[in-house]
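Let me begin by presenting the structure, written as structure tokens, before commenting on it.
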Amino acid sequence: MADLWNRKNAPKIAMIYGHNPRWDSSEAELMEAAKFDLIIAGFKIDDSKEHIEKLNDNLKKLHEYNDRLIVVSYIAGSCEYFPGTKYFDDDCFLKTTDGNNINSWPGSQLLNLSKEKTLKSFMNLIEDKWPSMLNVDGVYIDCMGGSFDSWAVELESKKKVKIDANEDGKEDSIDDLNRLWVKGKETILKETRKRYGNEPYILINGSMESDYALDYADGTIFEGILDHISLPENFTKYTFDDIMNKYIPWGKSATGKPNCTYIDVTPGFDVEFGHMMKRPVEESCRYLEKGYSNLKNMRFGLACALLGDGHYTYQMHTKWLGNHWWYHEYDIPIGKPLGTYYKDEDDTYKREYENAVVALNNTFHDTIVHFDKRMRDETTGMEGNDFFLGSKDGRIYIRCGL
Numbered sequence: 024m025a026d027l028w029n030r031k032n033a034p035k036i037a038m039i040y041g042h043n044p045r046w047d048s049s050e051a052e053l054m055e056a057a058k059f060d061l062i063i064a065g066f067k068i069d070d071s072k073e074h075i076e077k078l079n080d081n082l083k084k085l086h087e088y089n090d091r092l093i094v095v096s097y098i099a100g101s102c103e104y105f106p107g108t109k110y111f112d113d114d115c116f117l118k119t120t121d122g123n124n125i126n127s128w129p130g131s132q133l134l135n136l137s138k139e140k141t142l143k144s145f146m147n148l149i150e151d152k153w154p155s156m157l158n159v160d161g162v163y164i165d166c167m168g169g170s171f172d173s174w175a176v177e178l179e180s181k182k183k184v185k186i187d188a189n190e191d192g193k194e195d196s197i198d199d200l201n202r203l204w205v206k207g208k209e210t211i212l213k214e215t216r217k218r219y220g221n222e223p224y225i226l227i228n229g230s231m232e233s234d235y236a237l238d239y240a241d242g243t244i245f246e247g248i249l250d251h252i253s254l255p256e257n258f259t260k261y262t263f264d265d266i267m268n269k270y271i272p273w274g275k276s277a278t279g280k281p282n283c284t285y286i287d288v289t290p291g292f293d294v295e296f297g298h299m300m301k302r303p304v305e306e307s308c309r310y311l312e313k314g315y316s317n318l319k320n321m322r323f324g325l326a327c328a329l330l331g332d333g334h335y336t337y338q339m340h341t342k343w344l345g346n347h348w349w350y351h352e353y354d355i356p357i358g359k360p361l362g363t364y365y366k367d368e369d370d371t372y373k374r375e376y377e378n379a380v381v382a383l384n385n386t387f388h389d390t391i392v393h394f395d396k397r398m399r400d401e402t403t404g405m406e407g408n409d410f411f412l413g414s415k416d417g418r419i420y421i422r423c424g425l
């Protein structure tokens, strides 16, 4: 297990959904969770005053074990509700030109964020879900990309539908939908910040479409986005520069606090919805082992994250989060950054830290990384001045003698 009290100089690592502190969490569970520097958690709260007090005691312990830890409470986004819930009646849901609701995540339907009624209902939900009774640092709001959530339209069935947000019987253009949804999401963030001030963290799931939220949020997540440059079959959608130009500005939060942004990469193979529930345990374990063992992808993502100031997570898939994966590289005492990242003559990207240099090879060819002073590759343990760095790989090199 990591030395929890000496990770201040190590990379900042995020845990998404895998650690949900409970009132009856054991000491071992709390110490395991405290390795992470950002935890997105969903809390199960009952009416027991005693249970809430014990949960708060456990959350306090987490922060004592790791004083740079940020814990945010999950709030479902606009793609994760269905008619009949406490907050949204049928009129709050997006319709097709035939007047039908639109499915999104399995069991959920899309809200209509162009309606003032829906936005007011969403703020009522945040009011009720706001974790004022808990010792957490803020909230995470899902599905907040700066456009219409076209990716979520009939997500499982892939059925084509004609969307009618203003319910005039005519199909709306994607440009109109994008404009209306950005306005709606910005209203949610602006109102949330207005109600709760600058002290709590607001983290959103906005990925490459988060710019509109820079004035309101303390971080965004780049979920699986690095797969577009780490996997050859995907590399045409985004370039490295595209991603870094979006990621780097989120090294600072809107309120001046340390950011709660994170960036990640996955093993690179798809899984079905509810894989763990649909497949035999042995098959799921094989998938997990295959994902955990793709060390090259893990290192590539970590190096990308360390070129900026966000957190990092390596997880199975956006459909299969919460993996308790930990790697040797997560505990390397790199120290504080000494400047911004740069592109070197060997075509690698590098960033200097107090104790280390992070190097990323984003090309499709292998290369040799040279240092004037003797270094140690923390992945292999080898020392020297010249190191092999494979295509789409990243490494952390510690200065020898430290």
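For the sequence shown, position 100 (counting from the first letter as 1) is numbered 123 according to my numbering, and the numbering increases by one without interruption.
Positions of the beta carbon are idealized from the N, C-alpha and C atoms, including for glycine.
- Distance between K269 and M231, taken at the CA atoms: about 6 Å.
- Shortest Cα-Cα distance from T278 to any of Y219, I419, N123, E401 involves Y219.
- Runs of the alpha helix (DSSP H) spanning 4 or more residues and lying entirely within the stretch 345 to 393 do not occur at all.
- When C-alpha distances from S173 are compared across D151, I197, D47, P154, the shortest belongs to I197.
- Apart from the 5 residues on each side of it in sequence, S170 sits with its Cβ closer than 7 Å to the Cβ of N201, W204, V205, E232 in its chain, given in chain order.
- Collapsing the DSSP output to three states places V176 in coil.
- Remark: C-beta atoms of Y235 and E209 approach each other more closely than 8 Å.
- Remark: fewer than three beta-carbon pairs, one from each stretch, lie closer than 8 Å, so the stretch 312 to 320 and the stretch 361 to 375 are not flagged as touching.
- Just so you know, the alpha carbons of V176 and K183 end up roughly 8 Å apart.
- In this structure D400 is not in contact with R422, their Cβ atoms being roughly 12 Å apart against a cut-off of 8 Å.
- Considering only M405, G107, L383, I68, the residue with the shortest C-alpha distance to L249 is L383.
- Counting C-beta pairs with one atom in each stretch, the stretch 121 to 139 and the stretch 96 to 107 have three or more that are closer than 8 Å, which means they touch.
- Remark: C-beta atoms of L85 and A56 approach each other more closely than 8 Å.
- With a minimum length of 4 residues, the unbroken runs of alpha helix (DSSP H) contained wholly in the stretch 193 to 235 fall at 197 to 219.
- Between Y335 and G324, the gap from beta carbon to beta carbon is short of 8 Å.
- Contact between D187 and T141 does not hold, since the beta-carbon distance rounds to 15 Å and is not under 8 Å.
- Rounded to whole angstroms, the separation of the alpha carbons of L237 and S276 is 7 Å.
- Residue pairing for A37: DSSP places it in a beta bridge opposite L61.
- When DSSP assignments are scanned along the stretch 109 to 173, the uninterrupted stretches of beta strand (DSSP E) that are 3 or more residues long and fall wholly within it turn out to be 161 to 164.
- For I186, the beta-bridge partners assigned by DSSP are T119.
- As computed with DSSP, G242 is found in a beta bridge with L226.
- Per DSSP, the beta bridge partners of T336 are D287.
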